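S.K.:
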Amino acid sequence: MEKSILQYQKAFNNIIERLKSNDSALAVMVFGSMVTGDLWDESDIDLFVILDKKHPDIENIYTEEKEVPVHIKLMSKSKFLQICEEDLKGGFIHRILASSRLVFSKDIQITTKYDNGRYYPDLDREIWNMVYLGNVLKSLGVCKKYLHNDSIYTAYIAAVRCVEEYAKLYVNFSGYMISKDAVTMAINLNEDFNKCVDQLFFHESNKEETIKYILDYLQKNIDGSIRNLSNVLLNYMREKDSFLSAENIKNDKLFYNYEINMEEILDKLWRKKLIKRENRDYKSEKGEILFKENVYFI
Numbered sequence: 001m002e003k004s005i006l007q008y009q010k011a012f013n014n015i016i017e018r019l020k021s022n023d024s025a026l027a028v029m030v031f032g033s034m035v036t037g038d039l040w041d042e043s044d045i046d047l048f049v050i051l052d053k054k055h056p057d058i059e060n061i062y063t064e065e066k067e068v069p070v071h072i073k074l075m076s077k078s079k080f081l082q083i084c085e086e087d088l089k090g091g092f093i094h095r096i097l098a099s100s101r102l103v104f105s106k107d108i109q110i111t112t113k114y115d116n117g118r119y120y121p122d123l124d125r126e127i128w129n130m131v132y133l134g135n136v137l138k139s140l141g142v143c144k145k146y147l148h149n150d151s152i153y154t155a156y157i158a159a160v161r162c163v164e165e166y167a168k169l170y171v172n173f174s175g176y177m178i179s180k181d182a183v184t185m186a187i188n189l190n191e192d193f194n195k196c197v198d199q200l201f202f203h204e205s206n207k208e209e210t211i212k213y214i215l216d217y218l219q220k221n222i223d224g225s226i227r228n229l230s231n232v233l234l235n236y237m238r239e240k241d242s243f244l245s246a247e248n249i250k251n252d253k254l255f256y257n258y259e260i261n262m263e264e265i266l267d268k269l270w271r272k273k274l275i276k277r278e279n280r281d282y283k284s285e286k287g288e289i290l291f292k293e294n295v296y297f298i
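So the sequence shown is numbered by UniProt numbering: it starts at 1 and just counts up by one.
1. Between which two residues does the beta strand (DSSP E) containing Tyr62 stretch?
2. Is it the case that the Cβ atoms of Leu47 and Val28 are separated by a distance below 7 Å?
3. What separation, rounded to the nearest whole angstrom, lies between the Cα atoms of Ala155 and Ser43?
4. On the three-pair Cβ rule with 8 Å, is the stretch 249-259 touching the stretch 123-132?
5. Pick helix, strand or coil for His203, following the three-state DSSP scheme.
6. With three or more C-beta pairs closer than 8 Å as the rule, is the stretch 179-198 touching the stretch 162-170?
7. Considering Asp122, what are the terminal residues of the alpha helix (DSSP H) in which it resides?
8. Using only alpha-carbon positions, find the residue among Tyr296, Glu259, Ile260 and Met262 that is nearest to Lys273.
9. Should Leu74 and Val49 be called a contact, given that it needs their Cβ atoms to be closer than 7 Å?
10. Name the two residues that bound the continuous alpha helix (DSSP H) containing Glu165.
11. In this structure, how does DSSP classify Asp216 when only helix, strand and coil are distinguished?
12. With Asp44 as the anchor, note down where its beta strand (DSSP E) starts and where it stops.
13. Report buried or exposed for Met1, applying the criterion of at least 16 other Cβ atoms within 10 angstroms of its Cβ.
14. How would you write the range of the beta strand (DSSP E) that Glu278 sits in, first residue to last?
15. For Phe12 versus Ile61, is the C-beta spacing smaller than 7 Å?
16. Name the two residues that bound the continuous alpha helix (DSSP H) containing Ile249.
17. Which residue from Leu6, Ser4, Ser78 and Phe104 puts its Cα closest to that of Arg18?
18. Please return the same chain residues whose Cβ sits closer than 7 Å to the Cβ of Lys20, not counting the five positions on each side in sequence.
19. List the DSSP bridge partners of Lys73.
20. What does the Cβ neighbour count give for Lys283, buried or exposed, with the cut at 16 atoms within 10 Å?
21. Exposed or buried, Asn129, counting other C-beta atoms within 10 Å across all chains shown (16 or more means buried)?
22. From the DSSP output, in three-state form, read off Met1 for me.
23. If you count every other CB in all the chains shown that lies within 10 Å of the CB of Ser76, and 16 or more means buried, which is it?
24. Where do the ends of the alpha helix (DSSP H) carrying residue 304 lie?
25. State the Cα-Cα distance for the pair Asp54 and Lys113, rounded to the nearest angstrom.
26. Looking only at C-alpha atoms, which of Cys196, Ser78, Ala98 and Leu137 sits nearest to Gln109?
27. On the three-state DSSP scale, how would you describe Leu290?
28. Going straight from the alpha carbon of Arg227 to that of Asp181, what length do you get?
29. Just to confirm before moving on: does the CB-CB distance between Ile265 and Gly134 stay below 7 Å?
30. Given this structure, state the Cα-to-Cα distance separating Leu102 from Val131, to the nearest angstrom.
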């Protein structure tokens, strides 16, 4: 590493001291490699800087300090408070806040919102389980399709995506906050998953057999945990006690703000005999039957 950790620390300290002495700077948070410690030669110093200004948008400022690249997300106090209110718990901004460190704050409202914003309620975690579960199931289906069609290279890429999506699911379900490097977190938490990932990347055997091994491992683990992974959905359906389509559920206020592959999850629950499935007439505005829609109930 050509740039030393000391260089990064000096550059960071320079910026912070300059901002502390500026009356317009209300608070600074640092995130990314300066917090996680995985610095390398092309790492940025990543900062949230909250200013006493009226500009409504987040500005991305790119600069250098003592030859160290710096990326600053610049925003007003009102914008910071707004995104803390509007961003989903477990969403992008929330994950950054939860993994960031408050360097200084001159404003009690910002400090309080920062402390509260790092909290991750169980209900939000359970809904994010659904997001990641749906993504894994979708990725598994894509991988199987390419494998079936003998597109081994594309199937291998899809298998890597399956591993990435499963890692997010596993980390979130285990009670941790998702980071960009969820795979590393997951393999550190689970020795069996570590062996599975090693098999995919480092084993010199037949690639088709390796992909099948990965798919089998992931499917068995999902099947074994499917009830817990979809607990919030099962409870919701139990309370509704009616026939529900994937769209009915996705449009409910509980799930509306989340991108969930709902039909993938419902189909999996039905195949595991945890819910029942019927067909319902989907009619046009004139009352004509257009389709037979899948609906589910407990």
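Just so you know, even glycine gets a beta-carbon here, dropped at the ideal spot from N, CA and C.
Just so you know, these numbers come straight off a predicted model, no measurement behind them.
M.R.: With the given structure in hand:
1. Numbered from its first residue, the sequence shown carries residue 62 at position 62. Segment Glu59 to Glu65, the beta strand (DSSP E) holding Tyr62.
2. To locate residue 47, count along the sequence shown from 1; it is residue 47. To locate residue 28, count along the sequence shown from 1; it is residue 28. Contact flag set, yes.
3. Counted from its first residue, the sequence shown places residue 155 at position 155. Counted from its first residue, the sequence shown places residue 43 at position 43. If you take the alpha carbons of Ala155 and Ser43, they lie about 32 Å apart.
4. yes
5. Position 203 of the sequence shown, counted from the first residue, corresponds to residue 203. The answer is coil: DSSP assigns His203 none of H, G, I, E or B.
6. yes
7. Locating residue 122 in the sequence shown gives position 122, where the first residue counts as 1. Asp122 to His148 is the extent of the alpha helix (DSSP H) around Asp122.
8. For the purposes of this step, residue 273 is taken as residue 273 along the sequence shown, with counting starting at 1. Selected option, being the one with the closest Cα: Tyr296.
9. Your numbering for residue 74 matches position 74 in the sequence shown. Your numbering for residue 49 matches position 49 in the sequence shown. The answer is yes: Cβ separation under 7 Å.
10. Along the sequence shown, read from residue 1 onward, the residue named residue 165 stands at position 165. Taken as a continuous stretch (DSSP letters only), the alpha helix (DSSP H) holding Glu165 covers Ile152 to Phe173.
11. By 1-based counting over the sequence shown, the position of residue 216 is 216. In this structure, Asp216 counts as helix in the three-state DSSP scheme.
12. By 1-based counting over the sequence shown, the position of residue 44 is 44. Here Asp44 belongs to no beta strand (DSSP E), and DSSP marks it neither H nor E.
13. By one-based count along the sequence shown, residue 1 stands at place 1. Because the pLDDT at Met1 is just 49, under 50, the model does not fix this residue reliably, and the value given afterwards should be weighed accordingly. With fewer than 16 other Cβ atoms within 10 Å, it is exposed.
14. Taking the sequence shown and counting its residues from 1, one reaches residue 278 at position 278. First-last of the beta strand (DSSP E) with Glu278: Lys276 to Lys283.
15. To locate residue 12, count along the sequence shown from 1; it is residue 12. To locate residue 61, count along the sequence shown from 1; it is residue 61. Contact: no.
16. For this step, residue 249 is matched to residue 249 along the sequence shown. From DSSP, the alpha helix (DSSP H) with Ile249 extends over Ala246 to Lys250.
17. The sequence position of residue 18 within the sequence shown is 18, counting from 1. Here the closest residue by C-alpha is Phe104.
18. Position 20 of the sequence shown, counting from 1, holds the residue named residue 20. Excluding positions up to five away in sequence, the list reads Phe104.
19. Walking along the sequence shown from the start, residue 73 turns up at place 73. Phe48 and Asn60, per the DSSP bridge assignment.
20. As a working mapping, residue 283 is identified with position 283 in the sequence shown. With fewer than 16 other Cβ atoms within 10 Å, it is exposed.
21. Your numbering for residue 129 matches position 129 in the sequence shown. Buried.
22. In the sequence shown, counting from the first residue as 1, residue 1 sits at position 1. With a pLDDT of 49 at Met1, under the threshold of 50, the predicted position of this residue should be treated as unreliable, and no value is reported.
23. Here residue 76 corresponds to residue number 76 of the sequence shown, with the count starting at 1. Ser76 comes out buried.
24. Shown here, the chain extends from 1 to 298; a query on residue 304 therefore has no answer.
25. By one-based count along the sequence shown, residue 54 stands at place 54. By one-based count along the sequence shown, residue 113 stands at place 113. Note on identity: in this sequence residue 54 is Lys, with Asp being the wrong assignment. Spanning the two alpha carbons is a distance of roughly 19 Å.
26. Taking the first residue of the sequence shown as 1, we reach residue 109 at position 109. Taking only the C-alpha atoms, the option nearest Gln109 is Ser78.
27. By 1-based counting over the sequence shown, the position of residue 290 is 290. Leu290 falls in the strand class under three-state DSSP.
28. Working through the sequence shown from its first residue, we reach residue 227 at position 227. Working through the sequence shown from its first residue, we reach residue 181 at position 181. In a straight line, the C-alpha of Arg227 is about 26 Å away from that of Asp181.
29. What you label residue 265 is simply residue 265 of the sequence shown in a count that begins at 1. What you label residue 134 is simply residue 134 of the sequence shown in a count that begins at 1. Going by C-beta atoms, Ile265 is nearer than 7 Å to Gly134.
30. In the sequence shown, residue 102 corresponds to position 102, counting from 1. In the sequence shown, residue 131 corresponds to position 131, counting from 1. About 29 Å.
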